[in-house]
Structures are given as structure tokens and as C-alpha cells.
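Student:
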Amino acid sequence: MHTDHFTLPGEGPMLSNPPKDLPQVIPAQMRRVNNLISRRVNYYSRQNGVEDVTAMHGWILAYLYNCRDREVFQRDIERAFSITRSTVTNILQLMEKKGYIRRMSVPQDARLKRLVLTDAGAQAHQQIMRSLRQTDQYITSLLTAEENAELLRLLNKLRAGLE
Numbered sequence: 000m001h002t003d004h005f006t007l008p009g010e011g012p013m014l015s016n017p018p019k020d021l022p023q024v025i026p027a028q029m030r031r032v033n034n035l036i037s038r039r040v041n042y043y044s045r046q047n048g049v050e051d052v053t054a055m056h057g058w059i060l061a062y063l064y065n066c067r068d069r070e071v072f073q074r075d076i077e078r079a080f081s082i083t084r085s086t087v088t089n090i091l092q093l094m095e096k097k098g099y100i101r102r103m104s105v106p107q108d109a110r111l112k113r114l115v116l117t118d119a120g121a122q123a124h125q126q127i128m129r130s131l132r133q134t135d136q137y138i139t140s141l142l143t144a145e146e147n148a149e150l151l152r153l154l155n156k157l158r159a160g161l162e
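Under numbering that gives the first Met the number 0, the final residue of the sequence shown carries the number 162; numbering is consecutive throughout.
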């Protein structure tokens with residue numbers, strides 16, 4: 000089991016024991032862990048040459064990459080990631096500006112825009128997936144195999160109950 004403190008260049012170690020005045024409730028702890036995971040993904044992403052891509056961009060690029068044999072629309076992204084329409088709109092606009100996706104009109108309905116992964120988006124996807132694998136390996140090294148299995152079981156149970 001890996002027990003080193005999580006330290007990124009230019010930062011001190013993260014707090015292994017948070018101050019007592021921080022809320023010790025599940026939503027607050029999950030938010031903290033999510034923030035730390037995002038930092039770790041960003042760290043590996045910078046190492047892999049994809050500094051300007053957020054973790055959510057990475058997951059959306061992976062979704063589009065895996066669904067490139069069918070039409071994907073904004074509503075598919077909203078449903079797949081349980082995020083609101085306005086949030087998805089902002090994310091997709093930024094991804095389009097960076098050249099990772101294109102929105103293409105659909106002949107049967109001009110209001111609908113099909114999301115298409117560009118070559119730059121496919122390349123970024125490969126590097127981001129590398130970063131996510133590195134992050135996953137790091138995180139799983141912090142727990143035993145049994146703890147990882149239990150954590151995934153509990154997270155899936157929470158997600159199912161909250162959907």
C-alpha cells in the first residue's frame with residue numbers, strides 16, 4: 000500500500016488529517032477527494048502534454064471517441080455524465096474553441112447539432128486516457144485490492160441511489 004503524501008511540484012503535502020473544523024460529512028469529503036483527484040489528473044496531463052484539458056473534457060472526449068460510429072448530441076452528454084444543459088453547453092463551447100470537437104447540423108432538424116471528434120480531439124483523447132490511467136494506478140495504489148473493490152461497490156451504490 001502506498002502511503003506517501005500527495006505532493007505536486009510547487010506545493011506542500013496535502014493534509015492527511017484535515018482540521019477538526021472542516022465538515023466530516025460525506026458530501027464535503029467527496030468534494031475534497033474529487034478536487035484532489037482532479038489535481039492529480041491535471042498533473043499527469045501536464046506531463047503528457049495536454050495542459051489545457053480538464054478531466055471532464057477528457058471524459059467527454061473518451062465518450063465521443065468510443066461512440067464515433069454513431070451520432071452523438073448534447074443531450075447524450077448530459078445524460079451520460081449527469082450534468083445540466085447549461086454546464087454541457089459551456090463545456091462544449093470551450094472544447095469547440097480549442098478545436099477538439101465540431102458541431103455539425105443534422106439535415107432532418109437544423110436545431111440539432113451532432114458532436115464530432117476532430118483529429119486534434121482524438122489525439123488529446125489518447126494523452127488524456129494515459130493521464131487517467133496513471134491517476135487510477137496512483138489512487139488504487141493507496142488502498143488494498145479489497146478496499147478498492149469495496150470503495151467501487153459503495154460509490155456505485157451511491158450513484159444508483161442518487162440518480
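The beta carbon of each residue, even a glycine, is placed where N, CA and C say it ideally should be.
#1: Find out if the Cβ-Cβ distance for the pair valine 32, threonine 134 is shorter than 8 Å.
#2: Checking contacts by CB at 8 Å: is aspartate 68 closer than that to chain B?
#3: Check whether the segment 116-132 touches the segment 84-92, counting contact only when three or more Cβ pairs, one atom from each stretch, lie closer than 8 Å.
#4: Is the distance from the Cβ of alanine 123 to the Cβ of leucine 63 below 8 Å?
#5: In the DSSP assignment, what are the bridge partners of aspartate 108?
#6: Tell me which residue opens and which closes the alpha helix (DSSP H) that arginine 31 is part of.
#7: Just list the residues that DSSP pairs leucine 114 with in beta bridges.
#8: Here's the rule I'm using: 16 or more other beta-carbon atoms within 10 Å means buried, otherwise exposed. How should glycine 9 be labelled?
#9: Drop a sphere of 10 angstroms on the beta-carbon of isoleucine 25, count the other beta-carbons inside from all chains shown, and report buried for 16 or more, exposed for fewer.
#10: For a quick check, are the C-beta atoms of glycine 57 and isoleucine 127 less than 8 Å apart?
#11: Taking the alpha carbon of aspartate 51 as the point to measure from, which residue in Lys96, Gln28 and Asp108 has its own alpha carbon closest?
Tutor: With the given structure in hand:
#1: Counting from 1 along the sequence shown, the entry for residue 32 is found at position 33. Counting from 1 along the sequence shown, the entry for residue 134 is found at position 135. For valine 32 and threonine 134, no; Cβs fall outside 8 Å.
#2: The structure shown contains no chain B, having only a single protein chain.
#3: no
#4: Here residue 123 refers to the residue found at position 124 of the sequence shown. Here residue 63 refers to the residue found at position 64 of the sequence shown. In this structure, leucine 63 does not lie closer than 8 Å to alanine 123 by Cβ.
#5: The residue you call residue 108 lines up with position 109 of the sequence shown. Val105.
#6: In the sequence shown, the residue the question calls residue 31 occupies position 32. Where arginine 31 is concerned, the enclosing alpha helix (DSSP H) stretches over 25-46.
#7: Position 115 of the sequence shown, counting from 1, holds the residue named residue 114. Note: leucine 114 sits in a beta bridge opposite Arg102.
#8: Numbered from its first residue, the sequence shown carries residue 9 at position 10. With a pLDDT of only 47 at glycine 9, under 50, the local geometry of the prediction cannot be trusted, and no value is derived from it.
#9: By one-based count along the sequence shown, residue 25 stands at place 26. Burial call: exposed.
#10: Counting from one through the sequence shown, the residue named residue 57 turns up at place 58. Counting from one through the sequence shown, the residue named residue 127 turns up at place 128. Yes, these two residues count as a Cβ contact at 8 Å.
#11: Here residue 51 is taken as the residue at index 52 of the sequence shown, counted from 1. Considering only alpha carbons, the answer is Lys96.
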